[in-house]
Amino acid sequence: MPTANQQLAALFAQMADILEILESDRFRVNAFRKTSRVLDDMAEDVAGIGPDISSLVQIDGVGKGAAQRIAEFLETGKIADHTQLMDQIPDGLLGLLNISGLGPKTISLFWNQAGVEGLDDLKAKLETGELTNLPGLGKKKLENIQKSVAFAESAGGRVRLGQAMPMAFWFVGQLEKLKQVKQAAYAGSLRRGRETIGDIDVIVSAEAKGAAAISDAFVALEPVTDVLVKGATKSSVRTRGGMQVDLRVVEPRQYGAALMYFTGSKEHNIVLRQRAIDRGMNLNEYALTKGNKIIAGQTEQEIYQVLDLAWIPPELREDRGEMILAEKNELPKLIEIGDIKAELHAHTTASDGHWSIEEYAAAAAHRGFHTVAVTDHSRGQGQANGLSSQRLEQHIKNVRVAAAQMKNQITILAGSEVDILANGQLDYPDSLLKELDLVVASPHAALTQEPKKATDRLLKAIDNPYVTIMGHPTGRIILSREGLNPDMKQLIAAAAQRGIALELNANTMRLDLRDTHARMAIEAGVLLSINTDAHGPDHLDQLVYGVLTARRAGATKAGVINCLSKAALAKWLRGTRP
DNA sequence: GCCGTTTTCGGCCCGACTGTTTTCAGTCG
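FYI, the numbering for the first sequence is 6 to 583, going by the numbering used here.
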């Protein structure tokens with residue numbers, strides 16, 4: 006069940022789409038889009054604010070009109086304007102907006118002049134040639150639309166951060182090998198560490214005369230299956246995996262401006278641009294200029310500096326207040342991957358992992374970690390070979406033996422990832438939990454519970470005196486399973502009260518807590534625990550995704566228990582238990 | 001429709017590429 010914020014965001018986005026197809030004022034359309042984005046980004050539940058207009062208009066991007074529509078939704082579950090707009094166009098038209106190269110103008114034209122009411126109509130009429138002879142649409146354009154339709158049917162939009170990043174590294178590496186290329190980096194939502202990525206943006210710098218050769222080499226790379234656009238400075242390709250990769254070639258003196266521009270976010274850029282205008286300057290993807298004079302452009306740092314801002318880490322560039330902090334030079338010193346010194350959630354062959362206690366501990370020690378916790382599944386996870394109470398007792402003994410053997414290399418803690426059952430009870434009795442050094446309590450089943458029930462369930466688990474960390478609280482799987490929608494505000498307050506940590510599960514499938522929830526937790530003073538939930542050696546590498554997400558939330562080293570020293574972590578763990 | 005240190009009107013980011021044009025509209029990012 007989507008939250009009120011998500012439902013409202015979808016309604017406002019849909020109203021914007023319809024208004025655009027109906028050729029309404031584009032600024033009005035943008036206003037609806039902004040409201041949609043703000044609602045989607047907002048950590049606070051708008052239902053909690055209630056249908057009070059004067060409170061709702063306090064939200065940035067929500068004016069009187071949007072406030073009334075939100076209030077209407079909160080009271081009736083519907084927005085009359087939305088229903089009325091939906092009645093004005095065939096349902097199938099909205100889906101056509103997802104087809105690359107097809108925008109509102111063309112869709113409107115197809116609908117009004119050729120009777121296209123959806124994807125099936127479009128496909129049929131493209132086949133029969135009924136769409137030729139429409140104004141402004143030649144053979145080539147129709148062919149491209151036909152190709153895009155075929156692609157849209159075979160591929161699904163975004164991919165996970167962890168899928169896009171290795172590919173981006175590969176492309177950057179290939180481009181760096183070209184002799185014309187001076188610098189290369191990926192930008193876009195990937196650089197900002199978003200949990201899903203639409204396409205990969207790569208920026209390279211080179212002297213102008215070398216640009217053509219770079220574009221040629223780029224579109225000829227092995228994974229490229231389609232060339233969508235190829236120009237002197239801008240090219241776009243599709244790869245075998247269906248991923249789109251965009252390349253921009255700029256001159257070295259423009260590199261910082263380009264990197265900044267294409268890192269985004271769009272909203273962050275708009276604020277920056279306005280800030281430049283306020284200072285009598287102009288900012289675009291090539292430079293910060295004053296009149297005809299170039300003021301800055303080679304590095305991001307110098308551009309921010311001229312705009313009286315500290316350099317803002319990409320993960321914070323979402324127009325969520327970072328500009329104010331940068332102005333006052335109060336940006337947090339964000340956590341870095343090297344700050345992490347402990348892994349507190351991992352599985353071994355005792356349950357569903359692929360490595361022994363010793364292999365796990367050795368890999369962690371090799372990374373420079375001082376502590377690991379062995380946390381195999383509890384008995385309820387039958388499919389994951391969860392441990393019965395008897396097996397857990399034996400497992401604890403095995404962990405103690407390994408810990409003694411390896412005590413000069415690393416500290417090994419005996420823990421468990423204990424199921425939070427549907428009713429909020431834990432999967433082992435307290436008498437057994439007491440024997441462990443730490444308990445990660447996580448929901449695994451009944452992940453479609455109503456929000457209220459889910460909240461009560463997780464609150465009950467937090468109440469258990471032996472719980473140290475709440476693991477992946479929503480149980481979502483990115484792009485695949487929505488998971489629970491508990492009242493995060495209540496959970497965070499309870500975690501703060503109890504003094505336990507909330508996990509930010511670093512697995513690229515999970516990233517749970519998500520960035521906005523992690524931000525709420527930090528603001529409430531709750532400590533985070535960034536863990537990979539490793540089941541085998543390569544999984545520890547997923548730490549980077551958890552750290553990126555934590556950085557998006559504004560996390561510092563001080564707010565993450567995995568960054569504590571060995572002694573401090575041991576002390577903190579003891580402090581959470583009776 | 002939203003917003004305000006030029007605040008209740010007037011502006012809202014802007015450049016590259018494509019395909020269709022003979023100077024530009026549409027789309028994308």
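A virtual CB, placed ideally from N, CA and C, is assigned to each residue, including glycine.
| field | Endpoints, the beta strand (DSSP E) within which Thr-416 is located | value | In the first sequence, the residue the question calls residue 416 occupies position 411. Note, Thr-416: beta strand (DSSP E), 416-424.
| request: Could I get the ranges of all uninterrupted beta strand (DSSP E) runs contained in the stretch 311-371, with 3 residues as the minimum, in chain order? | output: Complete beta strand (DSSP E) runs here, min 3: none at all.
| task | Specify, as a first and last residue, the run of the alpha helix (DSSP H) that Lys-128 falls within. | result | The count along the first sequence starts at 1 and reaches residue 128 at position 123. Unbroken alpha helix (DSSP H) run through Lys-128: 124-133.
| said: Please classify Gln-279 as buried or exposed, where buried requires at least 16 neighbouring CB atoms within 10 angstroms. | reply: To locate residue 279, count along the first sequence from 1; it is residue 274. Result: exposed.
| Distance CB(Leu-124)-CB(Gly-100) smaller than 8 Å | Numbered from its first residue, the first sequence carries residue 124 at position 119. Numbered from its first residue, the first sequence carries residue 100 at position 95. Yes, they are a contact pair.
| request: Could you pull out every residue in the same chain whose Cβ sits closer than 6 Å to the Cβ of Gly-480, ignoring the five residues on either side in sequence? | output: If you number the first sequence from 1, residue 480 lands on position 475. For Gly-480, where only same-chain residues beyond five positions count, the Cβ hits under 6 Å are Pro-448, Leu-452, Gly-488, Leu-489.
| Gly-541: which of Phe-156, Lys-187, Asp-357, Gly-134 sits nearest, CA to CA? | If you number the first sequence from 1, residue 541 lands on position 536. Among Phe-156, Lys-187, Asp-357, Gly-134, the Cα nearest to that of Gly-541 belongs to Asp-357.
| request: Using 10 angstroms around the beta-carbon of Ala-85, count the other beta-carbons present and answer buried if the total reaches 16, otherwise exposed. | output: On the first sequence, residue 85 is found 80 positions in, with the first residue counted as 1. By the neighbour-count criterion, in which 16 or more other beta carbons inside 10 Å mark a residue as buried, Ala-85 falls on the exposed side.
| Identity of the residue in Trp-360, Gly-269, His-522, Arg-582 nearest Pro-559 by Cα | One-based indexing of the first sequence puts residue 559 at position 554. Reading the sequence as shown, one finds Gly at residue 559 and not Pro. Selected option, being the one with the closest Cα: His-522.
| field | Sequence-distant residues of the same chain with beta carbon closer than 8 Å to Lys-91, five excluded per side | value | Your numbering for residue 91 matches position 86 in the first sequence. Position check: residue 91 holds Met in this sequence, whereas Lys was assumed. Gln-19, Ile-23, listed in sequence order.
| query | For Asp-96, is the classification buried or exposed, using 16 other Cβ atoms within 10 angstroms of its Cβ as the cut-off for buried? | reply | Counted from its first residue, the first sequence places residue 96 at position 91. Asp-96 is exposed by the Cβ-count criterion.
| Integer Cβ distance of Ala-9 from Ala-52, believed to fall under 8 Å | Within the first sequence, residue 9 is the residue found at index 4, counting from 1. Within the first sequence, residue 52 is the residue found at index 47, counting from 1. Right, the Cβ-Cβ distance comes to about 4 Å (below 8 Å), so this counts as a contact.
| field | Beta-ladder partner(s) of His-382, from DSSP | value | In the first sequence, counting from the first residue as 1, residue 382 sits at position 377. BP columns for His-382 point to Glu-422.
| said: Could you tell me which whole beta strand (DSSP E) segments of length 3 or greater appear in the stretch 495-563? | reply: Qualifying beta strand (DSSP E) stretches, in chain order: 506-510, 533-536.
| field | Segment limits, beta strand (DSSP E) that includes Arg-253 | value | The residue labelled residue 253 in the question sits at position 248 within the first sequence. Boundaries of the beta strand (DSSP E) harbouring Arg-253: 249-255, taken from the DSSP string.
| query | Taking the runs of the alpha helix (DSSP H) that are 4 residues or longer, which of them lie wholly in the stretch 229-314? | reply | Secondary structure in the stretch 229-314: the alpha helix (DSSP H) runs of 4 residues or longer, each lying completely within the stretch, are 260-268, 271-283, 305-311 in chain order.
| field | the stretch 544-552 touching the stretch 145-159, judged by at least three CB pairs closer than 8 Å | value | Judged by Cβ distances under 8 Å, the stretch 544-552 makes no contact with the stretch 145-159, as fewer than three pairs qualify.
| query | For Lys-411, does the three-state DSSP call read helix, strand or coil? | reply | Residue mapping note: residue 411 aligns to position 406 of the first sequence, counting from 1. The residue asked about is misnamed: residue 411 is Met in this sequence, not Lys. Of the three classes helix, strand and coil, the one that applies to Met-411 here is coil, per DSSP.
| request: Might you give, ordered along the chain, the residues of its own chain that have their beta carbon closer than 8 Å to the beta carbon of Met-411, omitting 5 neighbours on each side? | output: Position 406 of the first sequence, counted from the first residue, corresponds to residue 411. Taken in chain order, the residues that qualify are Glu-363, Ala-366, Ala-367, Ala-370, Ile-417.
| So, are the CB atoms of Gln-179 and Val-209 less than 8 Å apart? | To locate residue 179, count along the first sequence from 1; it is residue 174. To locate residue 209, count along the first sequence from 1; it is residue 204. When the beta-carbon positions are compared, Gln-179 and Val-209 stay at least 8 Å from each other.
| On the premise that Val-445 lies in contact with Leu-349, defined as a C-beta separation below 8 Å, what is that separation, rounded to the nearest angstrom? | As a working mapping, residue 349 is identified with position 344 in the first sequence. As a working mapping, residue 445 is identified with position 440 in the first sequence. 7 Å between Cβ atoms; contact.
| task | May I ask which residues mark the beginning and end of the alpha helix (DSSP H) holding Leu-437? | result | In the first sequence, residue 437 corresponds to position 432, counting from 1. Counting along the chain, the alpha helix (DSSP H) containing Leu-437 begins and ends at 435-438.
| Endpoints, alpha helix (DSSP H) assigned at Asp-86 | For the purposes of this step, residue 86 is taken as residue 81 along the first sequence, with counting starting at 1. Run containing Asp-86: 85-91, per the alpha helix (DSSP H) assignment.
| task | Please classify Lys-599: is it buried, with 16 or more other beta-carbons within 10 angstroms of its beta-carbon, or exposed? | result | Shown here, the chain extends from 6 to 583; a query on residue 599 therefore has no answer.
| query | Are three or more beta carbon pairs between the stretch 291-307 and the stretch 251-262 nearer than 8 Å? | reply | With the cut-off at 8 Å, the stretch 291-307 and the stretch 251-262 touch.
| task | Look at Val-34 and Val-67 and say whether their C-beta atoms are less than 8 Å apart. | result | In the first sequence, the residue the question calls residue 34 occupies position 29. In the first sequence, the residue the question calls residue 67 occupies position 62. By the CB criterion at 8 Å, Val-34 and Val-67 fall outside the cutoff.
| said: Here's a check: name, in chain order, each residue in its chain whose Cβ is nearer than 6 Å to the Cβ of Glu-200, leaving out the five neighbours to either side. | reply: Counting from 1 along the first sequence, the entry for residue 200 is found at position 195. Correct list, in chain order: Leu-166, Ile-483, Leu-516.
| Using 8 Å as the Cβ pair cut-off and three pairs as the minimum, do the stretch 263-276 and the stretch 201-220 touch? | Result yes; three or more Cβ-Cβ pairs closer than 8 Å.
| query | Can you name the start and end residues of the beta strand (DSSP E) that Leu-443 belongs to? | reply | Mapped onto the first sequence, residue 443 falls at position 438. That run of the beta strand (DSSP E) goes 443-447.
| said: Do Arg-253 and Phe-267 count as a contact pair if the criterion is CB distance below 8 Å? | reply: By one-based count along the first sequence, residue 267 stands at place 262. By one-based count along the first sequence, residue 253 stands at place 248. Their beta carbons are under 8 Å apart, which means Phe-267 touches Arg-253 by this criterion.
| What are the start and end residues of the alpha helix (DSSP H) that includes Asp-461? | Locating residue 461 in the first sequence gives position 456, where the first residue counts as 1. Residues 456-468.
| query | In the structure shown, what three-state DSSP assignment does Leu-578 receive? | reply | By 1-based counting over the first sequence, the position of residue 578 is 573. Residue state, collapsed to three classes: helix.
| task | Leaving out five residues on either side along the sequence, give the residues of the same chain with a beta carbon under 8 Å from the beta carbon of Asn-334. | result | For this step, residue 334 is matched to residue 329 along the first sequence. In chain order, Ala-315 place their CB closer than 8 Å to the CB of Asn-334, counting only its own chain and leaving out the 5 sequence neighbours on each side.
| field | Local Cβ density within 10 Å of Ser-41, reported as buried at 16 or more and exposed below that | value | To locate residue 41, count along the first sequence from 1; it is residue 36. Under this definition Ser-41 is a buried residue.
| query | Among residues of its own chain, excluding the 5 on either side of Ala-217, which ones have a beta-carbon nearer than 7 Å to its beta-carbon? | reply | Position 212 of the first sequence holds residue 217. Same-chain partners within the cutoff: Ala-237.
| task | Could you name the residues that DSSP lists as bridge partners for Ala-189? | result | One-based indexing of the first sequence puts residue 189 at position 184. Val-209.
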